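Residue numbers (this note's numbering): 1380 to 1727. Cβ atoms here follow ideal geometry from the backbone N, Cα and C, with glycine treated the same way. Values in this document were obtained by computation on a predicted structure and should not be read as measured data. As structure tokens, the structure follows; a few thoughts come after it.
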Amino acid sequence: MKPRMLRSVDDLVAAGLLATERTNALRAVEQRYSVALTEEIAALIDPSDPADPIARQFIPNERELETRPYERADPIGDDAYSPMEGLVHRYPDRVLLKLLSVCPAYCRFCFRRESIGRAEGSALSQEALEAALAYVADHPEIFEVILTGGDPLMLSARRLRALAERLALIPHVRVLRVHTRAPIAAPQLITRDRLDALRASGKAVYAVLHANHWRELTNAQAAVARILDAGVPMLAQTVLLAGVNDDADVLERLMRNLVAMRVKPYYLHHPDLAPGTGHFRVTIDDGRRLYAEIARRLSGLALPAYMLDIPGGFGKVPVAGPHVVKETNGAWRIVDRRGQTHGYPAVD
């Protein structure tokens, strides 16, 4: 069953999630970036709260048209490490396979917002998928394939099974990882058929849930249980977002609730330099203070790694460690995994 979605500013006004007087101002945002959320997400929003953390993630905002000089259309450098359409090979032992460009809901801070959702219903062509799989088969160093997009669980069980059966023929691939928002945004997509399809790969299958606020987990518990009970372990990733979770109490509650659901917090991402997302951005100094506080409160089981993706495609580094050094002018010096140094702006 497909999720029922609100797909426009007009839909949001009709649902009582957006004031009518904001409609004209948000037309330009709607034209630039995709707008959509499911009824499940809408049900989590408190329209009477102007600071609602769920609304902030999914309801468009006029500030999305404000672009800072240091923001990038491809902030983490996928294109620089893409040998062909749909594939990113940034790290030697793993690849991203971007299967489609749609999600059940569009996060207003998405680092792929310049491409995601712009062509509704678009998925990687069979020809492009065959080329990507041939590349994986020809590179024995690839241990892990990560399904992303868009949300890979928007694909049918039939298409997921066809992919899984192809991956089953590549013996050096041992792990299949699936990144998804579906348990929160569209729990009806978590079906036995889809889970069985993924397991048909014969690989160790992991699911990674994207969750930013503890209230989102209200929708997710049954779907998460279905994934886990099918024998698929789960991790979670969170983006540190101003006005959503830049509070130690909120992060602590989120991480504890995830662990109680049998989901291991994996990464806390420093927000990327995507266009029009400055109002979500937290400074590195503030992020480090928050992380130090939750590290004081949480066990190792509940504590994610706080990571920054170096702009330009140079990979992730721990924000709390020696890789990230503040300069006297307020900017930052970032040392990547190869020991190379990169600049990072003093964001406002």
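Distance, residue j Cα to residue i Cα
| i | j | result |
| --- | --- | --- |
| E1631 | R1716 | 29 angstroms |
| A1602 | P1483 | 15 angstroms |
| G1456 | E1419 | 32 angstroms |
| G1500 | E1493 | Bear in mind that a pLDDT of 48 at G1500, under 50, signals an unreliable position, so the model cannot answer this. |
| R1447 | G1657 | 7 angstroms |
| R1469 | V1642 | 26 angstroms |
| E1506 | K1705 | 46 angstroms |
| R1605 | P1550 | 28 angstroms |
| P1650 | A1565 | 24 angstroms |
| D1608 | A1639 | 15 angstroms |
| V1660 | F1693 | Correcting the residue type first, residue 1660 is Arg in the shown sequence and not Val. Rounded to the nearest angstrom, the two C-alpha atoms are 20 angstroms apart. |
| A1615 | I1563 | 12 angstroms |
| M1384 | H1558 | 21 angstroms |
| E1400 | P1701 | 48 angstroms |
| D1431 | L1405 | 18 angstroms |
| F1490 | M1686 | 15 angstroms |
Closest Cα partner of residue i within the set the options
| i | options | result |
| --- | --- | --- |
| A1394 | R1545, G1691, A1434, R1406 | A1434 |
| I1525 | D1472, C1489, P1462, C1486 | D1472 |
| V1726 | R1386, P1550, L1652 | L1652 |
| E1523 | Y1460, L1476, G1496, R1491 | L1476 |
| R1545 | L1508, V1696, D1530 | L1508 |
| N1624 | L1647, V1414, P1612 | L1647 |
| L1669 | P1519, D1688, P1654, V1698 | V1698 |
| G1581 | K1695, V1392, V1554 | V1554 |
In DSSP terms, what residue i is bridged to
| i | result |
| --- | --- |
| V1584 | L1555 |
| Q1616 | H1589, Y1646 |
| H1721 | I1713 |
| M1463 | L1466 |
| K1477 | T1527 |
| T1417 | M1384 |
| A1502 | L1479 |
Element boundaries [alpha helix (DSSP H), containing residue i]
| i | result |
| --- | --- |
| R1406 | 1402-1411 |
| Q1600 | 1596-1608 |
| I1433 | 1432-1437 |
| R1545 | 1536-1546 |
| L1568 | Unbroken run through L1568: none, as it is neither H nor E. |
Endpoints, beta strand (DSSP E) assigned at residue i
| i | result |
| --- | --- |
| L1466 | 1466-1470 |
| I1525 | 1523-1527 |
In chain order, each beta strand (DSSP E) run of at least 3 residues that lies wholly inside the segment 1634-1705:
When DSSP assignments are scanned along the segment 1634-1705, the uninterrupted stretches of beta strand (DSSP E) that are 3 or more residues long and fall wholly within it turn out to be 1642-1648, 1684-1688, 1695-1697, 1703-1705.
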